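Step one of this worksheet: look at the structure below.
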Amino acid sequence: MLRDWLASRTPSPPPRLAARIAAAVPASAGSEANDYPRALIAAAAAILHETVDQPGNERNGTAALDLLAADALITYAVEAAAEDCERLAALTDEMILRLAAVTGADRGEST
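Numbered continuously in the working numbering, the sequence shown closes out at residue 330.
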């Protein structure tokens, strides 16, 4: 399971960051190892969407933790993708496109 795979990463993230990462990854996500990169990018993209869509005065100091969690999830996604060398390039290209959509490209904004 993906949560077990995340728990096996070393070094372990600090407790607050680990809790935020765990909260972002659904228990049902990534039942197969080859699904891990996509599930992790989906979790990172969801965090980034929430952060970008929330007005600055409503973030209550959580933006930094959210951005750190998204960054960790992206790093873990690339790490998981690297375990399948034959699909690494395709998976990372797919991840980049998914994350680029969060930056405003999907909203008609220039990046």
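Every residue gets a Cβ at the ideal spot worked out from N, C-alpha and C, and that includes glycine.
Everything numeric in this text was worked out from a predicted model, so none of it was measured.
Go ahead and label residue i buried or exposed: buried means 16 or more other beta carbons lie within 10 angstroms of its beta carbon, across all protein chains shown.
i    : result
R235 : exposed
G249 : buried
P256 : buried
L267 : buried
A308 : exposed
I315 : exposed
Give me the residue from the options with the minimum Cα distance to residue i.
i    : options                : result
A262 : A241, A282, T311, C304 : A241
A265 : A243, T294, L316       : A243
A258 : V271, A299, L307, Q273 : A299
Output the residue ranges of the beta strand (DSSP E) runs that lie fully inside the stretch 290-318 and measure 3 residues or longer, sorted by chain position.
Taken in chain order, the complete beta strand (DSSP E) segments of 3 or more residues contained in the stretch 290-318 number zero; there are none.
Could you name each continuous alpha helix (DSSP H) segment of 4 residues or more that falls completely within the stretch 222-296, going from the start of the chain to the end?
Taken in chain order, the complete alpha helix (DSSP H) segments of 4 or more residues contained in the stretch 222-296 are 234-243, 255-272.
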